[in-house]
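**Q** Could you have a look at this structure, given as C-alpha cells, before my questions?
Right, here's the structure in full:
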C-alpha cells in the first residue's frame, strides 16, 4: 500500500477555506500528510496575504507540502516586481487590476488601495485595458505609484516564494500541474504559458497522458474525474467550497466533514 497524497486546488485568497481544507486533510491523514497545492493562491478572495503566509509557514516548518505555480500567482508577481499588468493569454485584454481578475483584492489584503474601483482606459480595437489610477487613503495614486506602494507592502518572503514555484510536481503515476498539458508534447518540452493557462486542446482531449494528471485552473462546481485527468478547481474563487482530494492506491476521493467520498471517472 502506498502512502496517500492529498491535493488542494485553486484557493484564490480565501484563507478560511484553506484552513478548513487543511483541517480535513489532517483529520484524514495526520499532520505529516503529503499535500500538493495546485496554484492560484492569490486574487479574487479577500486574504491573499493570509493564504501566502500560511503556505510559507508550512514550508518553513518543514511540512510535507509541495507547490506549483498558477497563472494568477505569476500575474501578481509580475505586477509587483516588473509593473506588468497584462498577460498575453487573456484574450479580453483585461488588466490584472480589473476586479474580474482580482488584483485589487490581493493588493487590499496588503493594505494597498481603497474601497473604490480603480480607473482604466478601456480597450479600443486591438488595444488592451490599461490601469490608470486608484483612489486610496493616501489620495489618488497613479499606476506607477500603486506599483511602488505594492513593492513596499508585499514582503520579500512572499515574492521569493512565488518566484521559486515549480511548474509541475511528479509523484509516481500522478502529475500535478496548474492548468494542464499540451497533449502529445513531452513534459520537458511543455511551454510555461500552457502549463499555467491551457484550456483549448486540453480539456477535450481524452488520450492517456502516461499518468493521471491532477490540475485546477478551469472552475467547476465540484471536482471531476475524467479518466485521464482530475480537475480540482471547484470554484472557490467564485464563492464555492474548497474541496481537497486524496489519491491512494489508484483511487481518488474527495474529503468532506463526514469523511471520504469516492471520485471515479464520469
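Numbering (the numbering used here), first residue to last: 196 to 461.
Quick reminder that beta carbons are idealized off the backbone N, C-alpha and C, glycines included.
#1: What are the start and end residues of each continuous beta strand (DSSP E) run of 3 or more residues lying completely inside the region 279 to 318, in chain order?
#2: In or out: residue 277 buried (at least 16 other Cβ within 10 Å) or exposed?
#3: Give me, in chain order, the residues of the same chain whose beta-carbon lies closer than 8 Å to that of residue 219; leave out the 5 immediate sequence neighbours on both sides.
#4: Tell me residue 325's beta-bridge partners as DSSP assigns them.
#5: Tell me where the alpha helix (DSSP H) around residue 249 begins and ends.
#6: From residue 287 to residue 342, what distance separates their C-alpha atoms?
#7: Per DSSP, what kind of secondary structure is residue 410 in: helix, strand or coil?
#8: Can you give the beta carbon distance from residue 325 to residue 358, rounded, assuming they're within the 8 Å contact cut?
#9: Here's the rule: buried if 16 or more other CB atoms are within 10 angstroms of the residue's CB, otherwise exposed. What is residue 254?
#10: Please tell me whether residue 293 and residue 391 are closer than 9 Å, where the distance is taken between their beta carbons.
#11: Give the DSSP bridge partners of residue 450, in chain order.
#12: Do residue 369 and residue 323 come within 9 Å of each other at the CB atom, strictly closer than that value?
#13: Quick check: what's the CA-CA separation for residue 423 versus residue 305?
#14: Taking the Cβ atom as the reference point for each residue, do residue 205 and residue 434 lie within a distance shorter than 9 Å?
#15: Pull up the DSSP beta-bridge partners for residue 237, would you.
#16: At which residues does the beta strand (DSSP E) containing residue 346 begin and terminate?
#17: Leaving aside the five residues before and after residue 298 along the sequence, list all residues of the same chain whose C-beta is less than 6 Å from its C-beta, in chain order.
#18: Using the C-alpha atoms, what's the distance from residue 221 back to residue 228?
#19: What are the start and end residues of the beta strand (DSSP E) that includes residue 369?
#20: Pop quiz: residue 202 and residue 246 are said to be a contact at Cβ under 8 Å. What is the actual Cβ separation, rounded to whole angstroms?
#21: Going by DSSP in three states, residue 227 sits in which element: helix, strand or coil?
#22: For residue 345 and residue 275, which I take to be in contact (beta-carbon distance under 8 Å), what is that distance rounded to the nearest angstrom?
#23: What number of angstroms, rounded off, separates the C-alpha of residue 273 from the C-alpha of residue 200?
#24: So the alpha helix (DSSP H) residue 363 belongs to, where does it begin and stop?
#25: List the residues that DSSP assigns as beta-bridge partners of residue 203.
#26: Under 9 Å, do residue 378 and residue 397 count as touching if we go by C-beta distance?
**A** To lay it out plainly:
#1: Listed in chain order, they are 314 to 316.
#2: Numbered from its first residue, the chain shown carries residue 277 at position 82. Under this definition residue 277 is an exposed residue.
#3: Counting from 1 along the chain shown, the entry for residue 219 is found at position 24. Answer for residue 219: 439, 450, 451, 452, listed in chain order.
#4: Stepping through the chain shown from its first residue, residue 325 is reached at position 130. Within the DSSP bridge table, the entry for residue 325 names 316 as partners.
#5: As a first step, residue 249 is located in the chain shown; it is residue number 54 there, counting from the start. For residue 249, the enclosing alpha helix (DSSP H) has its first and last residue at 243 to 255.
#6: Stepping through the chain shown from its first residue, residue 287 is reached at position 92. Stepping through the chain shown from its first residue, residue 342 is reached at position 147. Whole-angstrom Cα-Cα distance: 22 Å.
#7: Translated into the one-based positions of the chain shown, residue 410 becomes position 215. Residue 410: strand per DSSP, three-state reduction.
#8: Counted from its first residue, the chain shown places residue 325 at position 130. Counted from its first residue, the chain shown places residue 358 at position 163. Contact doesn't hold; Cβ gap of about 25 Å is too wide.
#9: Taking the first residue of the chain shown as position 1, residue 254 is located at position 59. Residue 254 should be labelled exposed.
#10: Sequence index remark: in the chain shown, residue 293 carries index 98 (1-based). Sequence index remark: in the chain shown, residue 391 carries index 196 (1-based). In this structure, the beta-carbon distance from residue 293 to residue 391 does not fall below 9 Å.
#11: The count along the chain shown starts at 1 and reaches residue 450 at position 255. Looking at the DSSP assignment, residue 450 forms a beta bridge with 455.
#12: Position 128 of the chain shown, counted from the start, is the residue given in the question as residue 323. Position 174 of the chain shown, counted from the start, is the residue given in the question as residue 369. With contacts defined as CB atoms closer than 9 Å, residue 323 and residue 369 fail to qualify as a contacting pair.
#13: Position 228 of the chain shown, counted from the first residue, corresponds to residue 423. Position 110 of the chain shown, counted from the first residue, corresponds to residue 305. Answer to the nearest angstrom: the Cα atoms are 39 Å apart.
#14: Taking the first residue of the chain shown as position 1, residue 205 is located at position 10. Taking the first residue of the chain shown as position 1, residue 434 is located at position 239. The answer is no: Cβ separation not under 9 Å.
#15: Here residue 237 corresponds to residue number 42 of the chain shown, with the count starting at 1. Partner(s): none; residue 237 has no beta bridge.
#16: What you label residue 346 is simply residue 151 of the chain shown in a count that begins at 1. Unbroken run through residue 346 is the alpha helix (DSSP H), 338 to 348; no beta strand (DSSP E).
#17: Locating residue 298 in the chain shown gives position 103, where the first residue counts as 1. Only 291, 292 meet the Cβ criterion.
#18: If you number the chain shown from 1, residue 228 lands on position 33. If you number the chain shown from 1, residue 221 lands on position 26. Each residue's alpha carbon lies about 7 Å from the other.
#19: In the chain shown, residue 369 corresponds to position 174, counting from 1. Its beta strand (DSSP E) spans residues 369 to 372.
#20: Looking up residue 202 in the chain shown gives position 7. Looking up residue 246 in the chain shown gives position 51. Taking a contact as a CB-CB distance under 8 Å, the pair residue 202 and residue 246 does not count as one, their CB atoms being some 16 Å apart.
#21: For this step, residue 227 is matched to residue 32 along the chain shown. Coil at residue 227, not helix or strand.
#22: Numbered from its first residue, the chain shown carries residue 345 at position 150. Numbered from its first residue, the chain shown carries residue 275 at position 80. Cβ-Cβ separation between residue 345 and residue 275: approximately 5 Å, consistent with a contact (criterion under 8 Å).
#23: The sequence position of residue 273 within the chain shown is 78, counting from 1. The sequence position of residue 200 within the chain shown is 5, counting from 1. Computed Cα separation, rounded: 31 Å.
#24: Reading the chain shown from its first residue, position 168 is the one you call residue 363. Per DSSP, residue 363 belongs to no alpha helix (DSSP H); it is in the beta strand (DSSP E), 363 to 366.
#25: Locating residue 203 in the chain shown gives position 8, where the first residue counts as 1. In the DSSP assignment, residue 203 is bridged to 232.
#26: Here residue 378 refers to the residue found at position 183 of the chain shown. Here residue 397 refers to the residue found at position 202 of the chain shown. Contact: yes.
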